[in-house]
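Residue 240 in the working numbering sits at position 69 of the sequence shown, with consecutive numbering throughout.
Backbone N, C-alpha and C define an ideal beta-carbon position, used for all residues, glycine too.
Values in this document were obtained by computation on a predicted structure and should not be read as measured data.
One structure is given here, and the rest of the page talks about it.
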Amino acid sequence: MIIVSDRILMDDLKGRSIARRLGIRPLGTLAVIEIAAERGLVSRKNTLHQLRQTNFHITDRMIQDALTRSASREQ
């Protein structure tokens with residue numbers, strides 16, 4: 172089975188850069204959370220809080236930016 176896609180789930184900055192050069196659109200974890208929240212599948216705020224409790228590297232600024240983007244979309 173061959174799967175063809177123009178997207179890849181990746182958070183690594185170097186890998187994202189390479190993917191873009193290859194014409195593949197990288198989506199990061201935050202983008203996936205935002206898409207799931209927009210579809211009503213998860214709570215954006217709770218999911219970001221839970222993610223922060225793991226060893227996943229995410230800054231407070233990144234979380235705040237994601238919440239700000241969601242607030243602006245809801246207006």
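- Per DSSP, the unbroken beta strand (DSSP E) holding I179 starts and ends at 178 to 180.
- About 5 Å separates the beta carbons of T218 and I204, which is inside the 8 Å limit, making them a contact pair.
- For L201, the number of other beta carbons within 10 angstroms of its own is at least 16, and it is reported as buried.
- Assignment of L201 by DSSP, reduced to helix, strand and coil, places it in the helix class.
- Under the three-pair Cβ rule at 8 Å, the segment 229 to 244 counts as touching the segment 204 to 213.
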